[in-house]
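In our numbering, the protein residues as written are 391 to 646.
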């Protein structure tokens, strides 16, 4: 089995162990169960042909048409990542999805804080990272990634969704593309291992959705306009509206 070496601990290459699940409630839940049962291995990629109760952020549901999209959860060893640097894991995963999509779509791909990937003003991918923490020590993470590949009709609540097929007018082998995504994730994970934090944050901000543009956000049911400036190393969204303000995940919502 191919491995890479960090701090003298060989770890398997991400996606080398690629597990196909015919149907599962949630790949993230399944992967976390493997961790809790102590049978999970770093780099194992759990791919679902059908996901019955996909998990989005803040308890939302991720809808995915059967056998049409990338529905993936990857187990990651994050023991070496300090807990105060956990945003860099989010940045690495988001950039891996960006890298993957860039192979097929040359323009218009952006990272929408905190956990979506957009093509122009339409959502093409979502990310949900769940951490396994013991005390104050990061141990494992499950990186859940959903990418719309071949789906062309979406649930009526997803009026801003798009897919690779809709954008490029082509159909793809979902399994092959998902394995390509694993390779992209491996490269970004390497940056995390070698503590290349500055590059991760710099590139994340270079590809930030609506950067330096006027947007509308909602906080406590109040709408306000502001200009998106950047995301900090702790994962706060920085905006400007006469004065500079920072918001944590879940504190504000986009109004698009």
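Where a beta carbon is used, it is the ideal one built from N, C-alpha and C, also for glycine.
Range covered by the alpha helix (DSSP H) that runs through residue i
i: residue 477; result: 477-492
i: residue 418; result: 417-426
i: residue 573; result: 564-583
i: residue 648; result: For residue 648 there is no data in the structure shown, the boundaries of the chain being 391 and 646.
C-alpha gap between residue i and residue j, whole angstroms
i: residue 422; j: residue 435; result: 12 Å
i: residue 618; j: residue 605; result: 7 Å
i: residue 629; j: residue 476; result: 21 Å
i: residue 610; j: residue 627; result: 16 Å
i: residue 488; j: residue 572; result: 12 Å
i: residue 528; j: residue 522; result: 6 Å
i: residue 535; j: residue 513; result: 13 Å
i: residue 559; j: residue 531; result: 35 Å
i: residue 593; j: residue 485; result: 8 Å
i: residue 508; j: residue 430; result: 31 Å
i: residue 554; j: residue 538; result: 6 Å
i: residue 533; j: residue 407; result: 15 Å
Boundaries (first-last residue) of the beta strand (DSSP E) holding residue i
i: residue 631; result: 627-631
i: residue 557; result: Not the beta strand (DSSP E): residue 557 falls in the alpha helix (DSSP H), residues 554-558.
Exposure label - residue i; buried when at least 16 CB within 10 Å
i: residue 624; result: exposed
i: residue 474; result: exposed
i: residue 568; result: buried
i: residue 428; result: exposed
i: residue 397; result: Here the model assigns residue 397 a pLDDT of 47, short of 50, so the residue's position is not dependable and the matter cannot be decided.
i: residue 633; result: exposed
i: residue 524; result: exposed
i: residue 596; result: exposed
i: residue 497; result: exposed
i: residue 456; result: exposed
i: residue 426; result: exposed
i: residue 412; result: exposed
i: residue 502; result: buried
i: residue 392; result: Residue placement at residue 392 cannot be trusted, given a pLDDT of 46 that sits under 50; what the coordinates show is reported in the next sentence. Exposed, because fewer than 16 other Cβ atoms sit within 10 Å of the Cβ of residue 392.
i: residue 418; result: buried
i: residue 459; result: buried
i: residue 642; result: buried
i: residue 590; result: buried
i: residue 645; result: exposed
Residues that residue i bridges to, as DSSP identifies them
i: residue 467; result: 530
i: residue 460; result: 537
i: residue 410; result: 437
i: residue 644; result: 607
i: residue 618; result: 601, 629
i: residue 442; result: DSSP, once it has assigned bridges, lists no residue as partnering residue 442.
i: residue 521; result: 531
i: residue 670; result: In the structure displayed, the chain extends from 391 to 646; residue 670 sits before or after that span and is not available.
i: residue 430; result: Beta-bridge pairing links residue 430 to no other residue.
i: residue 613; result: 608
i: residue 635; result: 629
Residue i beta carbon near the ligand HEM (any heavy atom closer than 7 Å)
i: residue 555; result: Absence of the ligand HEM is noted for the structure shown, with no ligands found whatsoever.
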